[in-house]
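For reference, the structure is listed below as structure tokens.
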Amino acid sequence: MKTIALIAHNEKKNELLEWTKQHRELLQHYTLIGTSNTAKLINSLLGLEVKPFGHGPSGGDILLSAKILKGKVDKVIFFIDSENPHGHEHDIQTLIRTAVINNVPIALNRASADYIILEQQEDKQA
């Protein structure tokens, strides 16, 4: 089963929660992982099983980068808050760069997340 990482900055968690709820049926066909707070939120409110792997600002983004390097992540959905500075900006950029270099699709907003998840559905129908 393919793995999708679900991550959101605090200011974008509600938006990711809404998106996840909208695509819940499709997401059930994946192994889901996420940073600790995001995983806890989705698990408690939507009942999906999202396995936590660490708090973003405390190295979670780097842990996800390592998972990508090991080939354990197929897609990344990361709703970023680009309007506010983050103390771990370097870690965020490392995560994005790691996904790009390793040819792992990464969505940074709702429109690109829709494309990534709906692309899988279209492939199944073709």
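Residue 130 is where the sequence shown starts when you use the numbering used here, and the numbers rise one by one after that.
We put the CB at the ideal spot given by N, CA and C, even for glycine.
Quiz item: Given Leu174, which residues of its chain have a CB within under 7 Å of its CB, disregarding the five upstream and five downstream residues?
Solution: Within the sequence shown, the letter at position 45 stands for residue 174. Taken in chain order, the residues that qualify are Leu146.
Quiz item: Which class does Thr164 belong to by DSSP, given the choice of helix, strand or coil?
Solution: Counted from its first residue, the sequence shown places residue 164 at position 35. In the structure shown, Thr164 sits in coil (DSSP, three-state: anything other than H, G, I, E or B).
Exercise. With DSSP collapsed to three states, give me the class of Gly209.
Key: In the sequence shown, counting from the first residue as 1, residue 209 sits at position 80. According to the sequence as given, residue 209 is Ile; it is not Gly. Three-state DSSP puts Ile209 in coil, outside helix and strand.
Quiz item: Under a Cβ-count criterion, where at least 16 other Cβ atoms within 10 Å of its own Cβ denotes burial, should Ser194 be classed as buried or exposed?
Solution: The sequence position of residue 194 within the sequence shown is 65, counting from 1. Buried is the call here.
Quiz item: In the DSSP assignment, what residue or residues form a beta bridge with Leu135?
Solution: Taking the first residue of the sequence shown as position 1, residue 135 is located at position 6. DSSP, once it has assigned bridges, lists Gly163 and Ile206 as partnering Leu135.
Exercise. Please state whether DSSP places Lys142 in a helix, a strand or coil.
Key: Along the sequence shown, one-based indexing puts residue 142 at 13. Three-state DSSP puts Lys142 in a helix.
Quiz item: When the Cα of Lys142 is compared with those of Leu247, Asp243 and Asn238, which residue comes out closest?
Solution: Here residue 142 corresponds to residue number 13 of the sequence shown, with the count starting at 1. Ranking the options by Cα distance to Lys142, first place goes to Asn238.
Quiz item: From what residue to what residue does the beta strand (DSSP E) around Lys180 run?
Solution: Position 51 of the sequence shown, counting from 1, holds the residue named residue 180. Its beta strand (DSSP E) spans residues Val179 to Pro181.
Practice problem: Give the single residue among Gln157, Tyr244 and His158 whose Cα lies nearest to the Cα of Ile206. | Solution: Within the sequence shown, the letter at position 77 stands for residue 206. Among Gln157, Tyr244 and His158, the Cα nearest to that of Ile206 is on Tyr244.
Quiz item: CB-CB under 6 Å to Asp220, same chain, minus the five flanking residues each way: which ones, in chain order?
Solution: Here residue 220 refers to the residue found at position 91 when the sequence shown is read from its first residue. Around Asp220: Asp190 and Ile191.
Quiz item: Quick one: Cα of Gly163 to Cα of Asn172, how far?
Solution: In the sequence shown, the residue the question calls residue 163 occupies position 34. In the sequence shown, the residue the question calls residue 172 occupies position 43. Gly163 and Asn172: Cα-Cα distance of roughly 10 Å.
Quiz item: Under the DSSP definition of a beta bridge, which residues are partnered with Ile235?
Solution: By one-based count along the sequence shown, residue 235 stands at place 106. DSSP lists Val205 as partners of Ile235.
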